[in-house]
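With this note's numbering as the guide, the letters of the sequence shown map in order to residues 63 to 519.
Yeah, the Cβ is synthetic: ideal placement off N, Cα and C, and Gly gets one too.
Below: one structure, written as structure tokens.
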Amino acid sequence: SYQDLNWDKQPELFVYGSHGVMILNEKLETLFNRTLKELNITPDYYFSIKWNGSQELPSLCFSSPEGTGLFRLSVNPVYTWRYLIFPLVIGLTYLSLVIIHRLAAFFFIYLGFLLVYLKSSRNGVLIIDYKGRVISFNQKFLSLLHIANPIRRGEHFRKIFNDHPELLVIVQSLIKQNQEVSKQITLKFDGKVFERRLYLKPLTSWFDIPYGYLIEIGDVQTSELGERARIWAKTVQKLAHDIKTPLSSITVGLKTLEHYIVSSSLENKQELQEDLHTMRTEIERIHAITKSFLKFTNLESPNYRLSDIHQCLQQSLNRFKDFFEHGSIELSMDLDPEMELFYFDPQQMEMVFNIILENAIDAMKGSGSIAIQTTRVENVIENAPPLCEIEIFDSGPGIPLDQQNSIFEPFFTTKKDGTGMGLAIAKKIVEDHSGTITFYSKENLGTTFRITLPMRR
């Protein structure tokens, strides 16, 4: 029987028998196929087509002693758009995977940042979720608040502040405000009064809904010690400046005395000349140390200009091109093509590169390899500029483990004629740019210095 059963303007073939019922289209593709058992009718059935007018699809009626069934054949609207829906589903699936990947990457980067911050911060840090449950903390938080009982992840922060009800009230009040706040507070421990700096920052989502809070406790005395250190630095700076004048006078006097000895007929002339030479060498070394110290303390604030960090690197490398072109030092560079111009002091940063490259060449004793890599890194902190990361690797002997904690300290040196001020100056310049300088070194495997600068534009 041929009938248009689904109003697609194409006839459908209706086949029935003792096996069951089938409906095929004009291409003999199966549209409907059911056994009598599935239709719940017996073999002694009969069927009819019920026409429901122009508003409803026709119905297929099956009757048997067991009962009656009524069916309609209609077009699946999704099937009509299958050629459009299929690529759309693939596209949405791909887009979902990309979004999930980026969200996961952001989550792990942000988590990594928080973990590093927890370990490296000089302040006490406590991170709680939006319900007030502890997510993470560092040992400094326990020591600054004199907390003896262990903190368990997942417990409410109210239990932590049981011994400090005044602090609990302040923190709860700040959380209700849901704003970034920094304030000085006074706490009492064992009858003693301590000044602390409390900082609270809501960790919010895209819709400014808090999913956690960062609570930071700092020691106010640390900032006071910093002020004292600045006063002492000014005093020592003046002393170092005052030393330069008598040193110059002594140097002139030694030259005059040496000239007099050369023109005299003294028997021990040679010994005297050697002693004078040693004295002059040591005075010149003191003069160099004094000059480096004054350079360190007199470093001006960065003169920010929109500059090219790659060009700055190249200018520094030009100072050492003889080692790369005619020596036995191999240079390799991997510069990020997406690195943009940003504001920094090119003269000061060139000085930093000069210090690191000179140390690397000295460490390798003129033979080895230097690799330089730059990378543009997205900042995980909201509304913060991206970061420029510069890594300088040398294949030298590495820095001994017992010296690694001291290399950025002023006057620390292992060189015979070194002043020990190079890396101290480099560190100060980078930190004046609100950046960081770190290193990784393994004996007999080389050293890598990493400089990270905010890309202000």
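CB-CB under 6 Å to residue i, same chain, minus the five flanking residues each way: which ones, in chain order?
{"i": "Asn-416", "result": "Ser-378"}
{"i": "Glu-286", "result": "Note that Glu-286 scores 49 on pLDDT, short of 50, meaning its location in the model is unreliable and no value can be drawn from it."}
{"i": "Glu-278", "result": "Asn-185, Val-187, Tyr-261"}
{"i": "Asn-224", "result": "none"}
{"i": "Ser-503", "result": "Gly-460, Ile-461, Thr-509"}
{"i": "Arg-519", "result": "Phe-404"}
{"i": "Phe-474", "result": "Ser-468, Gly-482"}
Closest to residue i by CA distance: which of the options is it?
{"i": "Phe-511", "options": "Thr-500, Lys-504, Phe-76, Lys-489", "result": "Thr-500"}
{"i": "Val-243", "options": "Asn-380, Gly-508, Ser-311, Pro-264", "result": "Pro-264"}
{"i": "Ser-394", "options": "Glu-228, Glu-453, Ile-345, Glu-412", "result": "Glu-453"}
{"i": "Phe-385", "options": "Ile-432, Leu-375, Met-413", "result": "Ile-432"}
{"i": "Met-341", "options": "Phe-199, Val-324, Leu-319", "result": "Leu-319"}
{"i": "Thr-266", "options": "Gln-241, Thr-437, Leu-463", "result": "Gln-241"}
{"i": "Glu-190", "options": "Phe-203, Asn-200, His-218", "result": "The sequence shown places Ile at residue 190, rather than the Glu named in the question. Closest by alpha carbon: His-218."}
{"i": "Lys-477", "options": "Ala-425, Ile-152, Val-492, Val-414", "result": "Ala-425"}
{"i": "Val-83", "options": "Glu-91, Ile-111, Ile-312, Arg-96", "result": "Arg-96"}
{"i": "Asn-441", "options": "Ala-422, Ser-468, Leu-515, Asp-66", "result": "Leu-515"}
{"i": "Ser-116", "options": "Gln-409, Val-414, Asp-66, Ile-469", "result": "Asp-66"}
{"i": "Glu-400", "options": "Met-517, Val-414, Glu-412, Asn-211", "result": "Met-517"}
{"i": "Gly-216", "options": "Arg-195, Lys-202, Phe-203, Ile-222", "result": "Arg-195"}
{"i": "Lys-490", "options": "Ile-423, Gln-410, Gln-465", "result": "Gln-410"}
With 16 other CB atoms within 10 Å as the buried threshold, where does residue i fall?
{"i": "Ala-291", "result": "The predicted model places Ala-291 with a pLDDT of 49, which falls under 50 and marks its position as unreliable; any figure quoted below should be read in that light. Burial call: exposed."}
{"i": "Lys-193", "result": "exposed"}
{"i": "Phe-251", "result": "exposed"}
{"i": "Tyr-387", "result": "Note that residue 387 corresponds to Glu in the displayed sequence, not to Tyr. Exposed."}
{"i": "Ser-457", "result": "buried"}
{"i": "Thr-104", "result": "exposed"}
{"i": "Asn-200", "result": "buried"}
{"i": "Gly-497", "result": "buried"}
{"i": "Val-492", "result": "buried"}
Looking only at its own chain, which residues have a Cβ that is under 7 Å from the Cβ of residue i, when we skip the five neighbours before and after it?
{"i": "Ser-390", "result": "Gly-428, Ser-429"}
{"i": "Asn-87", "result": "Gln-72, Glu-74, Leu-93"}
{"i": "His-226", "result": "Leu-207, Leu-249"}
{"i": "Thr-437", "result": "Asp-398, Glu-451"}
{"i": "Gly-484", "result": "Ile-417, Asn-421"}
Distance, Cα to Cα, residue i vs residue j?
{"i": "Ile-171", "j": "Glu-257", "result": "Note that Ile-171 has pLDDT 48, beneath the 50 cutoff, so the model's placement of it is unreliable and no number is given."}
{"i": "Asp-70", "j": "Ser-158", "result": "36 Å"}
{"i": "Ser-126", "j": "Phe-109", "result": "9 Å"}
{"i": "Leu-236", "j": "His-495", "result": "32 Å"}
{"i": "Glu-100", "j": "Gly-274", "result": "56 Å"}
{"i": "Asn-365", "j": "Asp-398", "result": "25 Å"}
{"i": "Ile-371", "j": "Ala-488", "result": "16 Å"}
{"i": "Leu-403", "j": "Pro-447", "result": "13 Å"}
{"i": "Ser-213", "j": "Leu-146", "result": "This sequence places Ile at residue 213; Ser is not what is there. Rounded to whole angstroms, Ile-213 to Leu-146 spans 56 Å at the Cα level."}
{"i": "Tyr-156", "j": "Ile-271", "result": "28 Å"}
{"i": "Lys-245", "j": "Ile-197", "result": "23 Å"}
{"i": "Ile-232", "j": "Gln-239", "result": "11 Å"}
{"i": "Ser-369", "j": "Glu-471", "result": "29 Å"}
{"i": "Asp-337", "j": "Leu-328", "result": "14 Å"}
{"i": "Cys-374", "j": "Asn-380", "result": "10 Å"}
{"i": "Glu-118", "j": "Val-151", "result": "32 Å"}
{"i": "Asp-407", "j": "Gln-435", "result": "20 Å"}
{"i": "Ser-107", "j": "Phe-124", "result": "Here residue 107 is Tyr; the residue named in the question, Ser, does not match the sequence. Straight-line Cα distance between these residues: approximately 7 Å."}
{"i": "Val-160", "j": "Leu-229", "result": "44 Å"}
{"i": "Glu-392", "j": "Ser-325", "result": "50 Å"}
{"i": "Gly-153", "j": "Val-439", "result": "28 Å"}
For residue i, which residues of its own chain have a beta-carbon under 8 Å away from its beta-carbon, when the five flanking residues on both sides are left out?
{"i": "Leu-463", "result": "Glu-505"}
{"i": "Asn-102", "result": "Glu-128, Gly-129, Gly-131"}
{"i": "Ile-345", "result": "Leu-309, Ile-312, Thr-313, Leu-316"}
{"i": "Val-255", "result": "Thr-248, Leu-249"}
(message) Tell me whether the segment 185–192 and the segment 203–213 touch, counting them as touching only if at least three CB pairs, one residue from each stretch, are closer than 8 Å.
(response) Touching, per the Cβ criterion.
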